[in-house]
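Down below is the structure, laid out as structure tokens.
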Amino acid sequence: MANLGAPGKTDSDITDELPTFNVENMQNNAKIIYYSRTFMSIIGGVIAGILGFTGLTGFILYFLVMAITSVGLAAKAGFSVHSYFDGWNRIILDGFLGGLLSFVLFWTYPYDVS
Amino acid sequence: MAEDLVLDTAIRDWVLIPLSVVMVLIGILRYFVSKLMRSSNQVPDPKMVKEGQVIIRARNLRAAANYIPAKSFRARRVYFSNEENGLLYVPKGQAQNAQAQMFSDPNMAMDMMKKNLSMIIPQTLTFAWVNFFFSGFVAAKIPFPLTQRFRSMLQNGIDLSTVDVSYVSSRSWYFLNLFGLRGLFSLILGEENATDDTQRMMQMSGFGFDPTKSLGAEKDSLDIFQHEWALPKFEQRAEAVLKKLVS
Numbered sequence: 000m001a002n003l004g005a006p007g008k009t010d011s012d013i014t015d016e017l018p019t020f021n022v023e024n025m026q027n028n029a030k031i032i033y034y035s036r037t038f039m040s041i042i043g044g045v046i047a048g049i050l051g052f053t054g055l056t057g058f059i060l061y062f063l064v065m066a067i068t069s070v071g072l073a074a075k076a077g078f079s080v081h082s083y084f085d086g087w088n089r090i091i092l093d094g095f096l097g098g099l100l101s102f103v104l105f106w107t108y109p110y111d112v113s
Numbered sequence: 000m001a002e003d004l005v006l007d008t009a010i011r012d013w014v015l016i017p018l019s020v021v022m023v024l025i026g027i028l029r030y031f032v033s034k035l036m037r038s039s040n041q042v043p044d045p046k047m048v049k050e051g052q053v054i055i056r057a058r059n060l061r062a063a064a065n066y067i068p069a070k071s072f073r074a075r076r077v078y079f080s081n082e083e084n085g086l087l088y089v090p091k092g093q094a095q096n097a098q099a100q101m102f103s104d105p106n107m108a109m110d111m112m113k114k115n116l117s118m119i120i121p122q123t124l125t126f127a128w129v130n131f132f133f134s135g136f137v138a139a140k141i142p143f144p145l146t147q148r149f150r151s152m153l154q155n156g157i158d159l160s161t162v163d164v165s166y167v168s169s170r171s172w173y174f175l176n177l178f179g180l181r182g183l184f185s186l187i188l189g190e191e192n193a194t195d196d197t198q199r200m201m202q203m204s205g206f207g208f209d210p211t212k213s214l215g216a217e218k219d220s221l222d223i224f225q226h227e228w229a230l231p232k233f234e235q236r237a238e239a240v241l242k243k244l245v246s
């Protein structure tokens, strides 16, 4: 995964009651989240196809993969989410359903091929 | 009547994979073509750039307004929204003019049309190709069940009505590819050049009205803004921090 650490710090300094955000860094972090999710949804799709999941099981796998991605991103940010993102919502919910279509495509593929 | 059709390997080799490969290649081609075409006539209009920068300045003012004292915020706000020579104030007559000018300006219109066409044509061509060659048989099986209502949409070339809705025609495989490869493109082509047609088209249609209306919008939101001085106790806090550092 891309380097979340170096350009990532978004906070200002002492003012911890007023969070100030460096917009560029926030955008960069958001982009990284997007890429990670897309990639993981593709991989998850291929896995679901190879294992031959159908119907609901596959979607459960999708949500599982998204959850794993969220945990991975949080771990990479050292669990101090507030110094890299707007808040927990950003890292957990953002782009959640965006990877769904790619997931379905790459799920259908191995399912048909094998 | 849930028979379990097994897909012929010939179908797999000659339909599914080539279609995906062709779509990926066309996407990459489109990306490069749009990059080439864009660099040719890239003279940015100075007036538009100036307006864009003014908008950015106003937005920055709104975002950081709580960190400057109330009087200076008000002074800056008047500078922007003053009736006579404020930067954001655009008299009504001139606003309409800019809009009309945008559309009648030959360069701009040609540019937009070229971009639109370069988006639409490959899609149309590919769709026609798919319809011509790959219609009339079951192409793929999607791994999850759908209701009967989707049958007419997904099974367009297939005339049997007893076949499970999970077996789809190649047209739906085309659409599935279309949407699913968007994510892949954004990964391999870097940044948001992810040939996002629908988004791009929405942007294009709203582009002509963008500068003039957004000036008015910025002015209004700046007028509405309530200034809250966020650093009233700043000296005390600075003193506390310094004390902590020193001791």
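Sequence order for the protein chains is W and L. With numbering that gives the first Met the number 0, letter number 12 in the first sequence gets 11, and the count goes up by one each step, no holes. With numbering that gives the first Met the number 0, letter number 184 in the second sequence gets 183, and the count goes up by one each step, no holes. Backbone N, C-alpha and C fix where the C-beta goes; we use that ideal spot for every residue, glycine too. Since the structure is predicted, the reported quantities are computational estimates derived from the model, not experimental observations.
Under 8 Å by beta carbon: chain L residues contacting residue i
i, result
"W/L104", "L175, N176, F178, G179, L180"
"W/Y34", "S185, L186"
"W/S82", "Result: empty, since nearest Cβ-Cβ is about 18 Å, beyond 8 Å."
"W/G98", "G182"
Own chain, CB closer than 7 Å to residue i, minus 5 neighbours either side, in chain order
i, result
"L/A57", "F79, L87, E217, L221"
"L/V167", "A138, A139, I141, L153, Q154"
"W/T68", "S35, R36, M39"
"W/F52", "L60"
"L/R255", "Nothing can be reported for residue 255 of chain L, as the shown portion of chain L is limited to 0 through 246."
"L/A69", "H226, W228"
"L/K46", "none"
Counted within 10 angstroms of its Cβ, other Cβ atoms place residue i as buried (16 or more) or exposed
i, result
"L/E234", "exposed"
"L/A239", "exposed"
"W/M65", "buried"
"W/G190", "Chain W is shown only over 0 to 113; residue 190 of chain W falls outside these bounds and no answer can be derived."
"W/G71", "exposed"
"W/G44", "buried"
"L/M118", "buried"
"W/E23", "exposed"
"W/F102", "buried"
"L/N176", "buried"
"L/K232", "exposed"
"L/V129", "buried"
"L/S19", "buried"
"L/I16", "exposed"
"W/G77", "exposed"
"W/S79", "exposed"
"W/T107", "buried"
"L/I54", "buried"
"L/I223", "exposed"
"L/F72", "buried"
Contact list for residue i against chain W, beta-carbon separation under 7 Å
i, result
"L/S185", "T37"
Contacting residues, own chain, Cβ-Cβ under 6 Å from residue i (five flanking each side not counted)
i, result
"L/F133", "V14, S169"
"W/Y110", "G48"
"W/F105", "I41, G44, V45"
"W/Y33", "G94"
"L/S171", "L153"
"L/L188", "Y30"
"L/I67", "none"
Interface partners of residue i on chain L, CB under 9 Å
i, result
"W/Y110", "A139, K140, I141, P142"
"W/S79", "Chain L residues near W/S79: none, gap ~21 Å exceeds 9 Å."
"W/S40", "G182"
"W/G86", "Neighbours of W/G86 on chain L: none; closest Cβ ~18 Å, over 9 Å."
"W/G57", "P142, F143"
Proximal chain L residues relative to residue i, where beta-carbon distance stays under 7 Å
i, result
"W/F52", "P142"
"W/S101", "G179, G182, L183"
"W/G71", "Correct list: empty, because the minimum Cβ distance to chain L is about 17 Å."
Residues near residue i in its chain [Cβ-Cβ closer than 8 Å; skip 5 each side]
i, result
"L/L28", "P121"
"L/T125", "V21, M22, I25, Y173"
Check: residue i C-beta below 7 Å from any heavy atom of the ligand SAH
i, result
"W/I59", "Of the ligands one can find in the structure shown there are none, so the ligand SAH has no counterpart to examine."
### Message
Using 8 Å as the cut-off, can you tell me whether the region 91-106 of chain W makes contact with the region 34-42 of chain W, which would need three or more C-beta pairs spanning the two stretches below that distance?
### Response
yes
### Query
Per the contact definition of three or more C-beta pairs closer than 8 Å, is the region 172-183 of chain L in contact with the region 19-30 of chain L?
yes
### Query
Could you give the uninterrupted runs of the alpha helix (DSSP H) lying entirely in the region 49-89 of chain W, keeping only those of 4 residues or more?
54-75
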